[in-house]
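Colleague:
There are 2 protein chains.
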Amino acid sequence: MEIIVLAPRSFDEARGGADHLKARRPVIVNLKETDRDLARRIVDFACGVTYAIDGQMQRVGEEIFLFTPSTVTVNAESIHDGRVLFPMP
Amino acid sequence: MEIIVLAPRSFDEARGGADHLKARRPVIVNLKETDRDLARRIVDFACGVTYAIDGQMQRVGEEIFLFTPSTVTVNAESIHDGRVLFPMP
Chain A
131 MEIIVLAPRS
141 FDEARGGADH
151 LKARRPVIVN
161 LKETDRDLAR
171 RIVDFACGVT
181 YAIDGQMQRV
191 GEEIFLFTPS
201 TVTVNAESIH
211 DGRVLFPMP
Chain B
131 MEIIVLAPRS
141 FDEARGGADH
151 LKARRPVIVN
161 LKETDRDLAR
171 RIVDFACGVT
181 YAIDGQMQRV
191 GEEIFLFTPS
201 TVTVNAESIH
211 DGRVLFPMP
């Protein structure tokens, strides 16, 4: 199994991540260094891809997201006392 | 396949993550909300576990780490122009 870690600085790079996701590889996307408007577009695009393939999106940090195909389960133990540590913006 | 996302606030929780890793599940650890000294201990402990099982550690954000068993490959495309975006502290 392969996990992809991506810090995209262009939409093209995001598209590369989407191809990995389509190939059933989990993708971690760090948007910390990404231009704000571009980051928004990338998240929306990645959410679209994830929705299309019945995958899942999990926020794992302030600007870090984990996108998984339907073959991968995410067990987010980061949920403390019923409170999600990193809710969506 | 299952990926574990953890935001440990105690050493016990870190031990739980180590059990997942031993069971060959990738573990994402977010230490943003973790006490600084505890975070250091947890990273060292997790690195020890990872070393013991021939796994791999990849920093994916400022205080976010991905620990993987030997059965999982990490493809860190976050490396731009030969420069690692998130070097170890």
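Listed in order, the protein sequences are those of chains A and B.
First residue of the first sequence: 131, per this note's numbering; consecutive thereafter.
First residue of the second sequence: 131, per this note's numbering; consecutive thereafter.
Ideal Cβ positions, reconstructed from N, Cα and C, are used throughout, including at glycine.
For clarity, every value in this text was computed on a predicted model and none was experimentally measured.
State the DSSP-derived secondary structure class of R189/B, mapped to helix, strand or coil.
Modeller: In the structure shown, R189/B falls within a strand segment according to DSSP collapsed to helix, strand and coil.
Colleague: Does the beta carbon of A206/B come closer than 8 angstroms to any beta carbon on chain A?
Modeller: For A206/B, the closest Cβ of chain A is nearer than 8 angstroms.
Colleague: If distances are taken between C-alpha atoms only, which option among P199/A, V204/A, R166/A, A206/A comes closest to G147/A?
Modeller: P199/A
Colleague: Assign G191/B to buried or exposed, taking buried as 16 or more other Cβ atoms, counted over all protein chains shown, within 10 Å of its Cβ.
Modeller: Burial of G191/B is indicated by the presence of at least 16 other C-beta atoms within 10 angstroms of its C-beta.
Colleague: In the DSSP assignment, what residue or residues form a beta bridge with L168/B?
Modeller: Note: L168/B is not bridge-paired with any residue in the DSSP secondary-structure output.
Colleague: Please name the residue, chosen from I134/B, L168/B, K162/B, that lies closest to D142/B on a Cα-to-Cα basis.
Modeller: Nearest in C-alpha terms to D142/B, of all of I134/B, L168/B, K162/B, is L168/B.
Colleague: Within 8 angstroms of any Cβ in chain B, is that where the Cβ of V202/A sits?
Modeller: Taking Cβ atoms only, chain B reaches closer than 8 angstroms to V202/A, which makes this a yes.
Colleague: If we define contact as Cβ-Cβ less than 8 angstroms, is G178/B a contact residue for chain A?
Modeller: no
Colleague: Closest Cβ-Cβ distance between D211/B and chain A: below 8 angstroms?
Modeller: The predicted model places D211/B with a pLDDT of 44, which falls under 50 and marks its position as unreliable; any figure quoted below should be read in that light. No, D211/B lies away from the interface with chain A (no Cβ there is under 8 angstroms from its Cβ).
Colleague: With DSSP as the reference, label V202/A as helix, strand or coil.
Modeller: coil
Colleague: For chain A, is any of its Cβ atoms less than 8 angstroms away from the one on G185/B?
Modeller: no
Colleague: Any residues in the stretch 155-167 of chain A with a beta carbon nearer than 7 angstroms to a beta carbon of chain B? Which ones, in chain order?
Modeller: P156, I158, N160, K162, E163
Colleague: Since L136/B is in the beta strand (DSSP E), which residue starts that stretch and which ends it?
Modeller: 132-136
Colleague: Our contact map puts I133/A next to L196/B with C-beta atoms below 8 angstroms; I'd like the distance itself, whole angstroms only.
Modeller: 7 angstroms
Colleague: With burial defined as no fewer than 16 other Cβ atoms inside 10 Å of the residue's Cβ, what is the status of G178/A: buried or exposed?
Modeller: Of the residues assessed, G178/A falls on the exposed side of the cut-off, its CB having fewer than 16 other CB atoms within 10 angstroms.
Colleague: Using the rule of at least 16 other Cβ atoms within 10 Å of the residue's Cβ for burial, across every protein chain shown, is V214/B buried or exposed?
Modeller: Because the pLDDT of V214/B is 46, which lies under 50, any placement of that residue in the model is unreliable, and the number read from its coordinates should be weighed accordingly. Its Cβ having fewer than 16 others within 10 Å, V214/B is exposed.
Colleague: Look up F141/B in the DSSP assignment and give the residues it is bridged to.
Modeller: The partner list for F141/B (beta bridge, DSSP) is empty, contrary to what the question assumes.
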